[in-house]
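What follows is a short report on a single structure.
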Ligand code: ADP
Ligand code: MG
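Pasting the structure below:
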């Protein structure tokens with residue numbers, strides 16, 4: 597689950613991590629008021645969307661307008677806010693459709709001496725959380741990793757204790773920090789790692805992490821993602837969720853207990869089991885097709901859930917064919933066919949449907965399919981199924 601920058605900063609501040617002072621604004625007038633309240637001569641107006649790259653991003657409706665701007669007066673804050681609110685911001689992370697900005701965060705402008713990169717991730721090699729730092733603040737970490745990987749410092753975070761002071765001190769020296777900035781890092785880095793652990797984050801990225809003119813480390817940007825599997829431990833996070841940032845079909849699927857991820861292709865997939873779903877998508881691609889989604893109905897889905905799954909797949913206008921691939925274990929093949937036939941009648945299939953079934957009750961299920969008299973293409977195995985579904989598109 598992703599949250600907005602202003603929400604992340606509020607949580608970080610509570611955890612004792614230094615962030616700039618800021619005020620949320622939903623109208624141009626509120627942005628002007630926020631500038632005045634902050635009381636400085638410089639403020640930053642920041643679009644709140646679940647994507648980075650806002651500073652370099654531009655609005656579709658206002659091609660000159662950036663998603664993050666420095667302003668020097670309340671009037672300027674108001675004018676920029678008017679060009680941002682309600683408009684669509686396109687950044688390298690949003691895709692070309694962009695994201696609508698409905699909230700702004702107005703922040704005090706800081707006196708920046710250095711910009712660093714900080715990211716906490718779950719690291720496969722280290723087998724746990726790891727703190728990454730780099731002197732290349734403001735740059736995409738993927739780019740740094742590709743062109744100058746030696747500039748990325750990495751330290752393991754003890755899952756129980758957090759980051760030790762000696763680790764923070766060593767990293768501060770390696771980053772070339774001096775005097776008060778070293779002392780600031782000794783506080784900032786362990787607090788941030790503690791925040792990551794205490795909130796079951798899957799990612800916390802501070803890019804840039806700045807060193808101010810006074811040698812103070814401050815989180816200038818904050819991108820925080822929580823581990824969905826741990827959300828039950830943090831009931832208070834529910835109110836931080838912004839459903840307008842999420843794919844509507846994914847929200848519906850989530851409510852129906854289905855694992856669904858929308859993709860860009862045109863072959864809808866209904867599969868039981870995540871592994872089988874992945875290999876089905878691989879095979880579709882291998883045979884020249886593009887999956888429209890990942891959909892795992894799970895091991896014990898019932899007729900209602902499967903019907904809902906069909907409804908979600910068929911509601912996607914990009915879907916030009918559907919492949920059902922079921923390996924009946926706990927899930928019985930006839931349950932799938934029952935749902936499939938009822939979906940066929942209730943929702944209607946206007947696109948070709950290829951079905952491959954194997955496992956528990958497969959004979960009964962095949963019989964049901966055959967005697968239904970419906971226009972359904974059956975396949976004997978996974979390769980056959982992939983070939984047939986891709987074939988319906990070129991036919
Ligand atoms: P994004 O990563 O989405 O582009 P950031 O929050 O990193 O957004 O902001 C982009 C840039 O704007 C930063 O790299 C920094 O140079 C500048 N900036 C952001 N917030 C402030 C601030 N409070 N004071 C001064 N400069 C800022
Ligand atoms: Mg940033």
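Numbering (the numbering used here), first residue to last: 597 to 991.
Idealized CB from N, CA, C, for every residue including glycine.
On the criterion of 16 or more Cβ atoms from any shown chain inside 10 Å, does residue i qualify as buried, or is it exposed?
i: residue 601; result: buried
i: residue 829; result: exposed
i: residue 972; result: buried
i: residue 622; result: exposed
i: residue 870; result: exposed
i: residue 674; result: buried
i: residue 976; result: exposed
i: residue 808; result: buried
i: residue 825; result: exposed
i: residue 707; result: exposed
i: residue 769; result: exposed
Excluding the 5 residues preceding and the 5 following residue i in the sequence, name in chain order all residues of the same chain whose CB lies nearer than 7 Å to its CB.
i: residue 827; result: 597 and 833
i: residue 612; result: 787
i: residue 995; result: This structure cannot settle anything about residue 995, because the visible part of the chain is limited to 597 through 991.
i: residue 811; result: 775, 776, 777 and 780
i: residue 859; result: 887, 888, 889 and 890
i: residue 677; result: 621, 624, 627, 641 and 700
i: residue 947; result: 915, 916, 917 and 918
What does residue i pair with, by DSSP beta-bridge criteria?
i: residue 679; result: For residue 679, which the question treats as bridged, DSSP gives no partner whatsoever.
i: residue 868; result: Per DSSP, none; premise fails for residue 868.
i: residue 704; result: 639
i: residue 719; result: 724
i: residue 799; result: 717 and 821
i: residue 917; result: 863
i: residue 949; result: 918
i: residue 598; result: 821
i: residue 855; result: 892
i: residue 788; result: Residue 788 is not bridged to any residue.
i: residue 665; result: 641
i: residue 805; result: 712 and 815
I'd like to confirm something about residue i: is its beta-carbon nearer than 7 Å to some heavy atom of the ligand SAM, or not?
i: residue 779; result: Ligands in the displayed structure: the ligand ADP and the ligand MG; the ligand SAM is not one of them.
So residue i and residue j are supposed to be a Cβ contact under 8 Å. How far apart are they, rounded?
i: residue 845; j: residue 892; result: That pair is no contact at about 14 Å.
i: residue 899; j: residue 909; result: Not really, about 16 Å apart at Cβ, beyond 8 Å.
i: residue 797; j: residue 762; result: No, residue 797 and residue 762 are not in contact; Cβ-Cβ is about 23 Å, not under 8 Å.
i: residue 815; j: residue 614; result: 7 Å
i: residue 638; j: residue 617; result: Their Cβ separation, rounded to whole angstroms, is 12 Å, which puts residue 638 and residue 617 out of contact at 8 Å.
i: residue 861; j: residue 885; result: 7 Å
i: residue 921; j: residue 876; result: 5 Å
i: residue 819; j: residue 604; result: 7 Å
i: residue 923; j: residue 954; result: 5 Å
i: residue 711; j: residue 734; result: 5 Å
Among the residues of its own chain, which have a CB less than 6 Å from the CB of residue i, if the five just before and after it don't count?
i: residue 687; result: 647, 649, 650 and 653
i: residue 935; result: 899, 902 and 903
In its own chain, which residues sit with a C-beta less than 8 Å from the C-beta of residue i, not counting the 5 before and 5 after it?
i: residue 726; result: 716, 717, 718, 719, 750, 751, 752 and 753
i: residue 978; result: 875, 876, 879, 921 and 952
i: residue 854; result: 891, 892, 893, 894, 897, 901, 904, 905 and 908
key: Beta carbon nearer than 6 Å to a non-hydrogen atom of the ligand MG   = 648, 803 and 817
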